[in-house]
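Student: What follows is a single structure, and I will ask about it in a moment.
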Amino acid sequence: DKGGWSSFMAKEITEQPEAVANTVRGRLVDGHVEIPELTALGDDLLREIDRIVIIACGTASYAGMIGTYAIEQWARVPVEVQLSHEFRYRDPVLSDRTLLISVSQSGETMDTLMAVKYAIERGVTTVSVCNTQSATIPRESDAAVYTHAGPEVAVASTKAFVAQITALYLIGLHLGRVRGTLSGDDARRAAEQLEELPGLLGEAVDTHDQIAQLAHWMADTRSVLFLGRHVGYPTALEGALKLKEIAYIHAEGFAAGELKHGPIALIDHGQPVFVLVPSPRTSPLMHSKVVSNIQEIRARGARVIAIVEKGDTSVLPFADDVIRLPLTDVLFEPLLQVIPLQWFALELSAAKGLDVDQPRNLAKSVTVE
Ligand code: M6R
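Take 248 as the starting number for the sequence shown in the UniProt record's numbering and just add one per residue.
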């Protein structure tokens, strides 16, 4: 039931505040994060791990990339993401001090399941971040940390993505507490942000009308680029994937700093570029670098659509369109920034008369390798 929406994807985009609230619920107690499923693994094990490998595909892998920044910051352990289908072909270095976290909405993605099995055979502890109760991957894993986004029907993942980031952050905060690497201030600040998040996501959902107008006049666009730095980089990758997947438009996401190493040659008159601008309050250095990137591409004719924090007027002279989002700390920015990108893909797909929920050649859950 689409609940009055024109597509499941539209409905699911609007359900994101709830998806995040439900994923946090019960795991934040008196300002600290406690995930019983991780506690059951034993605190000694969590203290001794010296490396975390996140495995996932597609959108889940971008949630994983975003998770690496937060988990490293809070738990002071190196974290990397590997695509599930690449993982076992590289003879990965694994040990009993490696923690493998798989991320999968369906819990049935064959590539991810095979990677989990490969790790289990080598004695690695496995945690599954999954949205589907009792799916195969969480059943095979040592622990399951469920996202509670509710059933996701549209092929393009939206609410599962924000719930996956949330679950990875909760894991990072749990690990940081157990390992003694998370300061009291950081713990409190993160807890506050997690509590505020549903309200902020609601404001991001409200960007719909502005984005719908933008998409309307961009209906015949053939290529769109997305730029971001730090956690904005995987967010840019996710924005590009959404557009390829449901609007069949060539799109690429770049790390903003990478522009001058090649991609800037793509910039031509009228080339639309979405730029995810970090907060000038919490990340002044990154902010100024991204604003310079905007100036560079604008000087070469790009049509700049800047996604900024409310009150940031620094980009006004260089941006063709400005989308404003509520204030949050840098690690939480992707959860807000991705929402206008999801709307954009949806509206462009709809403007082209495509089936938003059932794009060609794709299945909701990929159960073959
Ligand atoms: O069910 P999973 O999270 O394991 O699925 C992984 C990818 O197939 C999935 O995220 C895919 O990239 C989506 N269609 C993206 O919108």
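Even glycine gets a Cβ: it sits at the ideal position worked out from N, Cα and C.
Can you look up ILE570 in the DSSP assignment and give me helix, strand or coil?
Tutor: Here residue 570 refers to the residue found at position 323 of the sequence shown. Residue state, collapsed to three classes: strand.
Student: Specify, as a first and last residue, the run of the beta strand (DSSP E) that HIS497 falls within.
Tutor: Along the sequence shown, one-based indexing puts residue 497 at 250. From DSSP, the beta strand (DSSP E) with HIS497 extends over 497 to 502.
Student: Output the boundary residues of the beta strand (DSSP E) element that contains PHE521.
Tutor: Position 274 of the sequence shown, counting from 1, holds the residue named residue 521. Residues 519 to 523.
Student: Thinking C-alpha only, which one of TYR416, PRO525, GLY250 is nearest VAL326?
Tutor: As a working mapping, residue 326 is identified with position 79 in the sequence shown. Measuring from the Cα of VAL326, the nearest candidate turns out to be TYR416.
Student: The ligand M6R and LEU347: does the residue's C-beta get closer than 8 Å to at least one heavy atom of that ligand?
Tutor: What you label residue 347 is simply residue 100 of the sequence shown in a count that begins at 1. It does not: the Cβ of LEU347 is nowhere closer than 8 Å to a heavy atom of the ligand M6R.
Student: Which partner residues does ALA553 have in the DSSP bridge list?
Tutor: By one-based count along the sequence shown, residue 553 stands at place 306. In DSSP, ALA553 forms a bridge with VAL522, VAL569.
Student: Looking only at DSSP bridge pairs, what is PHE473 linked to?
Tutor: As a position in the sequence shown, residue 473 is number 226, starting the count at 1. Partner(s): GLY500, PHE521.
Student: Let's test the definition: count the other Cβ atoms within 10 Å of the Cβ of GLN584 and tell me whether it reaches 16, buried, or not, exposed.
Tutor: The count along the sequence shown starts at 1 and reaches residue 584 at position 337. GLN584 comes out buried.
Student: Fully enclosed by the segment 429 to 481, which alpha helix (DSSP H) runs are 4 residues long or longer?
Tutor: Restricted to the segment 429 to 481, the alpha helix (DSSP H) segments that are unbroken, complete and at least 4 residues in length are 431 to 452, 455 to 464, listed in chain order.
Student: Please return the same chain residues whose Cβ sits closer than 7 Å to the Cβ of PRO527, not counting the five positions on each side in sequence.
Tutor: The residue you call residue 527 lines up with position 280 of the sequence shown. Excluding positions up to five away in sequence, the list reads HIS534, ASP559, SER561.
Student: Shorter than 8 Å, the distance from the beta carbon of GLY311 to the closest heavy atom of the ligand M6R, or not?
Tutor: The sequence position of residue 311 within the sequence shown is 64, counting from 1. No.
Student: Sort out for me which residues DSSP pairs LEU275 with in a bridge.
Tutor: On the sequence shown, position 28 is the one that residue 275 refers to. Within the DSSP secondary-structure output, LEU275 pairs in a beta bridge with VAL280.
Student: Determine the contact status of ALA362 and HIS332, defining contact as a CB-CB distance below 9 Å.
Tutor: Taking the sequence shown and counting its residues from 1, one reaches residue 362 at position 115. Taking the sequence shown and counting its residues from 1, one reaches residue 332 at position 85. Yes; because the gap between Cβ atoms is below 9 Å, this pair is in contact.
Student: Quick one: grab the DSSP three-state call for ALA597.
Tutor: For this step, residue 597 is matched to residue 350 along the sequence shown. Reduced to three states, the DSSP call for ALA597 is helix.
Student: Is it true that the CB of VAL267 sits closer than 9 Å to the CB of VAL409?
Tutor: Start at 1 with the first residue of the sequence shown, and residue 409 comes out as number 162. Start at 1 with the first residue of the sequence shown, and residue 267 comes out as number 20. Contact flag set, yes.
Student: Taking GLU327 as part of the beta strand (DSSP E), name the residues at either end of that continuous run.
Tutor: Position 80 of the sequence shown, counted from the start, is the residue given in the question as residue 327. Start and end: 326 to 330.
Student: Evaluate the contact criterion for the segment 590 to 605 versus the segment 500 to 519: three or more CB pairs, one atom per stretch, below 8 Å.
Tutor: Touching, no.
Student: Name the residue from GLN320, VAL577, VAL569, TRP321 whose alpha carbon lies nearest to the alpha carbon of LEU461.
Tutor: Position 214 of the sequence shown, counting from 1, holds the residue named residue 461. The shortest Cα separation from LEU461 among GLN320, VAL577, VAL569, TRP321 belongs to VAL569.
Student: Hey, how far is the Cα of THR261 from the Cα of GLY273?
Tutor: Taking the first residue of the sequence shown as 1, we reach residue 261 at position 14. Taking the first residue of the sequence shown as 1, we reach residue 273 at position 26. So the alpha carbons of these two residues sit roughly 22 Å apart.
Student: Do you know offhand how far LYS489's Cα is from ALA592's?
Tutor: Taking the sequence shown and counting its residues from 1, one reaches residue 489 at position 242. Taking the sequence shown and counting its residues from 1, one reaches residue 592 at position 345. So the two alpha carbons sit approximately 6 Å from each other.
Student: Should the segment 398 to 412 be regarded as contacting the segment 287 to 295, the criterion being three or more beta carbon pairs within less than 8 Å?
Tutor: no
Student: If you measure between the beta carbons of ALA512 and PHE501, is that distance less than 9 Å?
Tutor: Residue numbering aside, residue 512 sits at position 265 when the sequence shown is read from its first letter. Residue numbering aside, residue 501 sits at position 254 when the sequence shown is read from its first letter. Not closer than 9 Å, so no.
Student: Give me the residue from THR372, ILE384, GLN320 with the minimum Cα distance to SER612.
Tutor: Taking the sequence shown and counting its residues from 1, one reaches residue 612 at position 365. Closest in C-alpha terms to SER612, from the list THR372, ILE384, GLN320, comes ILE384.
Student: Tell me, to the nearest whole angstrom, how far the beta carbon of GLU485 is from that of LEU595; I am working on the premise that it is less than 8 Å.
Tutor: Position 238 of the sequence shown, counted from the first residue, corresponds to residue 485. Position 348 of the sequence shown, counted from the first residue, corresponds to residue 595. Not confirmed; about 15 Å, so no contact.
Student: Given this structure, state the Cα-to-Cα distance separating CYS377 from THR306, to the nearest angstrom.
Tutor: The residue given as residue 377 occupies position 130 in the sequence shown. The residue given as residue 306 occupies position 59 in the sequence shown. Near 13 Å, if we compare the C-alpha coordinates of THR306 and CYS377.
Student: Rounded to whole angstroms, how far is the Cβ of VAL577 from the Cβ of THR529, which I believe are closer than 8 Å?
Tutor: Position 330 of the sequence shown, counting from 1, holds the residue named residue 577. Position 282 of the sequence shown, counting from 1, holds the residue named residue 529. Yes, they are in contact, since the Cβ atoms of VAL577 and THR529 sit about 5 Å apart, within 8 Å.
Student: Please go through the same chain and pick out, in chain order, the residues whose beta-carbon is closer than 7 Å to the beta-carbon of PRO525, but skip the five residues on each side of it.
Tutor: Working through the sequence shown from its first residue, we reach residue 525 at position 278. Hits under 7 Å: ARG476, HIS477, GLY479, MET533, HIS534, VAL537, VAL577, GLU580.
Student: List, from N- to C-terminal side, the beta strand (DSSP E) runs of 3 residues or more that fit wholly inside the segment 361 to 398.
Tutor: 372 to 377, 390 to 393
Student: Considering only the alpha carbon of each residue, which of ARG386, ILE586, ILE348, ILE544 lies closest to ALA566?
Tutor: Along the sequence shown, read from residue 1 onward, the residue named residue 566 stands at position 319. Among ARG386, ILE586, ILE348, ILE544, the Cα nearest to that of ALA566 belongs to ILE544.
Student: Can you tell me which of the three DSSP states VAL348 falls into?
Tutor: Counted from its first residue, the sequence shown places residue 348 at position 101. Correcting the residue type first, residue 348 is Ile in the shown sequence and not Val. ILE348: strand per DSSP, three-state reduction.
Student: Indicate, with yes or no, if the ligand M6R has a heavy atom lying under 8 Å from the CB of LEU488.
Tutor: Sequence index remark: in the sequence shown, residue 488 carries index 241 (1-based). LEU488 Cβ: within cutoff of the ligand M6R.
Student: So, for GLY548: in the same chain, excluding its five sequence neighbours on each side, which residues have a beta-carbon less than 8 Å away from its beta-carbon?
Tutor: Against the sequence shown, residue 548 aligns to sequence position 301. Answer for GLY548: ILE514, ASP515, HIS516, GLY517, GLN518, listed in chain order.
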